[in-house]
Amino acid sequence: MSEFLFVVVPYLCLATFVVGHLWRYRYDKFGWTTRSSQLYENRLLRIGSPLFHFGLLGVVGGHIIGLLVPESWTDAVGISERMYHVVAVVGGLLAGLMTVAGMAILIYRRRTVGPVFSATTVMDKVMYAFLAVVIVLGMWNTIAGSILTIGGEYDYREGVSVWYRSFLAFNPDATLMAAAPLGFQLHALVAFGLFALWPFTRLVHVFSAPLGYLTRPYIVYRSRDDSRLGSHRPRRGWDRTG
Amino acid sequence: MKVMAQMAMVMNLDKCIGCHTCSVTCKQAWTNRSGTEYVWFNNVETRPGLGYPRTYEDQEKWQGGWELTKRGRMKLKGGGRLKNLMTIFSNPKLPSINEYYEPWTYDYSTLTDAPAQEHTPVARPKSLISGKDLKIEWSANWDDDLGGSTATAHLDPMLAKIADKVKFEFEQTFMFYLPRICEHCLNPSCAASCPSGAIYKRAEDGIVLVDQDRCRGWRKCVSGCPYKKVYFNHRTGKAEKCTFCFPRIEVGLPTVCAETCVGRLRYIGLMLYDADKVLEAASTTDDQGLYEAQRDVFLDPSDPEVIREAEKAGIARNWIDAAQRSPVYALINTYKVALPLHPEYRTMPMVWYIPPLSPVVEVVAETGEDAENKGNLFAAIDALRIPVEYLAELFTAGDVGPVDAVLRKLAAMRCYLRDINLGRDPDASIPAAVGMSEEDMYDMYRLLAIAKYDERYVIPPAHAEQAHALEELSTECSVSEYGGGQHDLFGEGSGVPTPIAVENFQMLQDRQTSDSLSGPENKSGRVNLLNWDGKGSPPGMFPPKDADS
Ligand code: HEM
Ligand code: SF4
Ligand code: SF4
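Each protein sequence line maps, in turn, to chains L and Y.
Taking this note's numbering, the leading residue of the first sequence gets -13, the next gets one more, and so forth.
Taking this note's numbering, the leading residue of the second sequence gets 24, the next gets one more, and so forth.
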């Protein structure tokens, strides 16, 4: 069972994630957008969206450090277990609270502001359901596992993180995950569900994060692309004369 | 010297009768789709007035365009690159839909569906954004012809800049129309604000376009453009803007707004300019120097050296010919009667305007004096500071000098031509008073008053040899190949982008077969009467037909 849940399912989700993005990019560049709803409503978005996104950037950063950096490395540079723990919990809590608060505002807005609600697709609703469950479970793990220590202390850096790295190295070890508390198991599973959904939601905008803007020249010049005039390729059998 | 060609336009404001034909035909051609109900690539504003969107010219509020840093470098007024990215999650300067207006339609069906009753049923306005009842309080032309201006016109940001108090009592005011499209700037701040680099300037003809496949909906260009001429399609989640009707321009036809202009006041032609000098000119320290600085960027297409450089830059011979015959060049550089709109935004706009003499002429005529007399008109231009200062705020960052000079030329032309029309001897001292020769004055008159179609629009076709593959001439595509292109699951914009002609075809079909008023269940068919082209019946107008009848 744990083989299935923590090896087969994650790899299926990962495959969907990768292939789904390739497919979407190939066939639906036009639909690849944030679908901003700011034109409809600004007051709530102005608070909710930055809270959510900045919080989330913190959360993502935290996950990268927590999951990808082995404990032995931080030990090696002299960061004590205790210090790491305090920073991770405080930082995680802060980012998490921002994310949850921001998301609450965004969901409230989606539900109550008429124009925003009617521009909400089925996919948006499913996406928010998964997102909310993942984030709430994540918060619960931090609060219950690390602060209140309900059900005893669990050092995820020796369990979940190791499993995750083994998973990425295509040498997965499901027993580590099977030994983790239920909260962590669910968080990971629902998160993989979200990854599988990802390419089919508006979340694709994350992969367009416009970092190139910092370095590119301000004004873009482009020649009309002579190999592909108009919005479609010339049909077979038609040659251009020019 | 790096020669580039730019398609440009000049509008002669004296001739605009404010009929909005240009806006309506443009809307029919480009923005009669759901998601763009509120969008007018071409709009006609009554000035003084708030404009569309409301008070867009107040850059202290909207932060569009460029500004100079203390060290004299160009910077986006909305903030540098980092600030631009940090405010991406919620754009602090994005005008809300209410600044444009909330588009609406009417539930016409109640007129026919309502049961017999004592009072005549009324069609209530319904918002096209929320589908709910709407109290109409503003629209793109709320203050048309100074309607309601006693209540709103004092909010006109340009009036705030001129010293004298402008009165809005009927007898004392002045008025003219300002048709606006995207300026297809040489230094476009919309493109510079776009985080994904999806907005580009076409190297061949300078037309500024949004690549719909690369736009990611960051909606930064909307606030970046000081003229507020990029719009957010709230259905597809992508930015859209005036295209200078490139599919028409490519085959040598004028834009739709120009083609259908009732006053025949639009001129389209090429300008050659030195791309290496644009940034320097845009960085001119003094706002009032920007008009001259931009004129300096333009190149004389008859200068042999310019021709040589242009050919080196790969500009075709027939394009250079067209640039030499360009009416736009003549109005901007030869006669110097056209002025840029808001050069102080530093985007180097390329739709220029001949300021209207009519506010002056009207005042003179009302006094009972001869409004075609040079002395009277010149004296009036000197005396009527308010209209002149107002025009200067629009066209020269407040410098009345160039506006004065243009108005004098127009006044002189009026007087000089009257003598000719009445069969009197032309008076050479009149053109001389504005520094023109008699011949130049007559040529200018010809261009402004009686120029024919092919003199007003000198548009060299783009590579006619490729024409069959250009988008709108898509002889290779049959409409039926394109499915609905709508995957509602991902949002309405998903799917393969549909060529414009196909999109219109499908909309028409939807429209003719759809039943609902504005319901989200049929978003693509949502139209209001304004969008209706007279064919079929607009949704909601008549009771639904049975499916099989
Ligand atoms: C760092 C890169 C990111 C950028 C630049 C970015 C930018 C944006 C923008 C501009 C919007 C549109 C807001 C509006 O005007 O309506 C948006 C919406 C959204 N983003 Fe992001 N985002 C990023 C990362 C993420 C991540 C990592 C997630 C979640 C996993 C996320 C989830 C969402 C959601 C759920 C919405 C919809 C909000 C709503 O309207 O309800 N974003 N994002
Ligand atoms: S006027 Fe047109 S080209 Fe200029 S900044 Fe605005 S949208 Fe861009
Ligand atoms: S069609 Fe011509 S005359 Fe009529 S409003 Fe437009 S620019 Fe003015």
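Yeah, the Cβ is synthetic: ideal placement off N, Cα and C, and Gly gets one too.
Cβ of K15/L less than 8 angstroms from any chain Y Cβ?
-> With 8 angstroms as the cut-off, K15/L counts as an interface residue toward chain Y.
Rounded separation between V502/Y and C208/Y - CA only = Since pLDDT at V502/Y reaches only 43, below the 50 mark, its modelled position is unreliable, and no value is offered.
What do you reckon, is the C-beta of T390/Y under 7 angstroms from a heavy atom of ligand 2?
-> Because no heavy atom of ligand 2 lies under 7 angstroms away, the Cβ of T390/Y does not count as near it: no.
Hey, which residues come within less than 7 angstroms of ligand 3, measuring from Cβ to any heavy atom, in chain order?
-> Per the Cβ criterion, the list is M34/Y, K38/Y, C39/Y, I40/Y, G41/Y, C42/Y, H43/Y, T44/Y, C45/Y, S46/Y, V67/Y, Y200/Y, P202/Y, C280/Y, T283/Y, C284/Y, V285/Y, G286/Y, L288/Y, R289/Y.
Hey, V481/Y and A345/Y are a contact pair by Cβ (cut 8 angstroms); roughly how many whole angstroms apart?
-> V481/Y to A345/Y, Cβ: 5 angstroms. Contact.
Could you name the residues of the same chain whose beta carbon sits closer than 6 angstroms to that of A31/Y, not counting the 5 residues immediately before and after it, in chain order?
-> Here the set comprises M294, V351, M373.
Near ligand 2: E139/L beta-carbon under 7 angstroms from a heavy atom | Taken from the Cβ of E139/L, every heavy atom of ligand 2 lies 7 angstroms or farther away.
In chain order, each beta strand (DSSP E) run of at least 3 residues that lies wholly inside the segment 207 to 277 of chain Y = If we require 3 residues or more, the beta strand (DSSP E) runs fully inside the segment 207 to 277 of chain Y come out as 222 to 225, 231 to 233, 253 to 256, 261 to 264.
With a 10 Å radius around its C-beta and 16 neighbouring C-beta atoms as the bar for buried, classify K251/Y as buried or exposed.
-> By the C-beta density criterion, K251/Y is buried, having at least 16 other C-beta atoms within 10 angstroms.
Inter-residue Cα distance where the pair is R203/Y and R70/Y | Going by the C-alpha atoms only, they are around 12 angstroms apart.
So what does DSSP say about N66/Y, is it helix, strand or coil?
-> DSSP places N66/Y in strand when its eight states are reduced to three.
Should R12/L go down as buried or exposed, given a rule of 16 or more other Cβ atoms within 10 Å for buried?
-> Exposed, by the Cβ-count rule.
Span of the alpha helix (DSSP H), counted from its first residue to its last, around I338/Y = In the DSSP annotation of this structure, I338/Y is not part of any alpha helix (DSSP H), being labelled neither H nor E.
Who are the neighbours of H39/L on chain Y, taking C-beta pairs under 7 angstroms?
-> Within 7 angstroms Cβ-Cβ: F112.
Among M109/L, F193/L, I33/L, A160/L, which has the Cα closest to the Cα of L92/L?
-> L92/L has its Cα closest to that of I33/L, out of M109/L, F193/L, I33/L, A160/L.
At least one CB of chain Y closer than 8 angstroms to the CB of I121/L: is that the case?
-> Against chain Y, the CB of I121/L has no partner CB under 8 angstroms away; the residue lies outside that interface.
Beta-bridge partners of F321/Y, as assigned by DSSP | Looking at the DSSP assignment, F321/Y forms a beta bridge with Y296/Y.
Reduced DSSP category for L153/L - H, G, I as helix; E, B as strand; rest coil = Strictly speaking, residue 153/L in this sequence is Phe, with Leu absent from that position. Reduced to three states, the DSSP call for F153/L is helix.
Just grab the DSSP bridge partners of P363/Y for me.
-> DSSP lists W375/Y as partners of P363/Y.
Are the CB atoms of S132/L and G52/L nearer to each other than 8 angstroms?
-> Against a cut-off of 8 angstroms, the Cβ pair of G52/L and S132/L comes out as no contact.
Partner residues on chain Y for G100/L, Cβ-Cβ distance less than 9 angstroms | Against chain Y, a Cβ distance below 9 angstroms from G100/L picks out S150, I152, S153, G154, K155.
Distance between beta carbons of E57/L and R188/L, contact taken as under 8 angstroms = Actually they do not touch by this definition, with Cβ atoms about 36 angstroms apart.
Could you work out which residues of chain L lie near R225/Y, taking near to mean beta carbons separated by less than 9 angstroms?
-> At a beta-carbon threshold of 9 angstroms, the residues of chain L lying near R225/Y are Y207, R208, S209, R210, ordered along the chain.
Measure from the alpha carbon of Y75/Y to the alpha carbon of each residue in D156/Y, S153/Y, E122/Y, L117/Y, then state which is nearest.
-> Checking every option, the nearest Cα to that of Y75/Y belongs to E122/Y.
Cβ of T266/Y versus every heavy atom of ligand 2: is any distance shorter than 7 angstroms?
-> Relative to ligand 2, even the nearest heavy atom lies 7 angstroms or more away from the CB of T266/Y.
Where L430/Y and A472/Y are concerned, what is the direct C-alpha to C-alpha distance, given to the nearest angstrom?
-> Straight-line measurement puts the Cα of A472/Y at about 16 angstroms from the Cα of L430/Y.
Candidates M34/Y, Q86/Y, A163/Y: closest to E68/Y by CA position = Nearest to E68/Y by C-alpha distance, out of M34/Y, Q86/Y, A163/Y, is A163/Y.
Given L37/L, which residues of its chain have a CB within under 6 angstroms of its CB, disregarding the five upstream and five downstream residues?
-> Sequence-distant partners of L37/L (beyond 5 residues in either direction) whose C-beta falls short of 6 angstroms from its own C-beta, in its chain, are M84, A87, G88.
For M(-13)/L, is the classification buried or exposed, using 16 other Cβ atoms within 10 angstroms of its Cβ as the cut-off for buried?
-> An exposed status is given to M(-13)/L, since fewer than 16 other beta-carbon atoms sit within 10 Å of its beta-carbon.
Spell out whether any CB of chain L is found under 8 angstroms from the CB atom of I120/Y.
-> Answer yes: the Cβ-Cβ gap between I120/Y and chain L drops below 8 angstroms somewhere.
Check whether the Cβ of C208/Y sits closer than 7 angstroms to any heavy atom of ligand 2, and report yes or no.
-> Taking 7 angstroms as the cut-off, one finds at least one heavy atom of ligand 2 near enough to the beta carbon of C208/Y.
Apply the 10 Å Cβ neighbour rule to K106/Y and answer buried if 16 or more other Cβ atoms are within range, or exposed otherwise.
-> Classification of K106/Y: exposed, given that the 10 Å Cβ count is below 16.
Relative to chain L, which residues along the segment 55 to 74 of chain Y have a C-beta separation below 8 angstroms, given in chain order?
-> So nothing in the stretch comes that close.
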